Each structure stands twice: as structure tokens, then as C-alpha cells.
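Colleague:
Structure, rendered in C-alpha cells:
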């Protein structure tokens, strides 16, 4: 991930609804969620949600597929990995032992 892409991703998350959407979709996992279900769960108007979803897709943090008249959204785990890797690229001056606690906290125990 280059710096411009990282700035775009972080800017996308610098808004409460978009951050909530991403966290919700990370929790939803592989099945993702339909846009209408996301709107209902977060109590957000659909037109407002649509704009926020577009920002997250453009930043590479979500992906989507059309299912008939509905669109299903998913957390783009590769995009999230790229963003975290960008942050931790030079972690701890190249000393992996110093980074281990941070990486252990990020490890999914599911």
C-alpha cells in the first residue's frame, strides 16, 4: 500500500458511521450483509449509508456484490491487512520481539 492509498483508507475511517459500518462487517464475516440490513442495524438512512459505503469501497476497505435488486457488502480483509501492514511496516525498528505484543493482540482467536 502506498502513502496516498493509506491516507484514503484512514480518511474513510475518520467518520463515525463509516467506522461503525466497517466494524459491523468485520463482525459479520464471510456472509457480509445486505445494504438494507446494515442501514437497519445502524439506524442510518439508506441514502446516507449509500454514500458512506461508496467511500469505504473506494478506499479498498469494503467489497460488494449485487444480488438481484440488493447489494451485499463485505469487509475487504485484504485491504485491511494492507492498511495494518502499512502501519506496522517499520514497527519497532526492525526488532520483531518488540512488535510481538501488538501482533499477538491483532491475532484472531476465532
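Numbering (our numbering), first residue to last: 382 to 491.
Each residue gets a CB set at the ideal place from its N, CA and C atoms; glycine is no exception.
Since the model is a prediction, treat every value here as computed from it, not as a measurement.
What does the Cβ neighbour count give for residue 426, buried or exposed, with the cut at 16 atoms within 10 Å?
Modeller: Result: exposed.
Colleague: Looking at the unbroken beta strand (DSSP E) that takes in residue 488, where does it start and where does it end?
Modeller: Looking at the DSSP string, residue 488 is not in any beta strand (DSSP E), and its letter there is neither H nor E.
Colleague: Can you tell me where the beta strand (DSSP E) holding residue 459 begins and where it ends?
Modeller: Element bounds for residue 459: not the beta strand (DSSP E) but the alpha helix (DSSP H), 458-469.
Colleague: Pull up the DSSP beta-bridge partners for residue 447, would you.
Modeller: Paired residue(s): 452.
Colleague: DSSP three-state label for residue 395, please.
Modeller: Note: residue 395 maps to coil in three-state DSSP.
Colleague: If you follow the alpha helix (DSSP H) that residue 428 is part of, which residue opens it and which one closes it?
Modeller: 427-439 is the span of the alpha helix (DSSP H), which, as asked, contains residue 428.
Colleague: Using a 10 Å radius around the Cβ and a threshold of 16 neighbouring Cβ atoms, would you call residue 420 buried or exposed?
Modeller: Buried is the call here.
Colleague: Of the choices 423, 386 and 388, whose alpha-carbon is the least far from that of residue 403?
Modeller: Closest by alpha carbon: 423.
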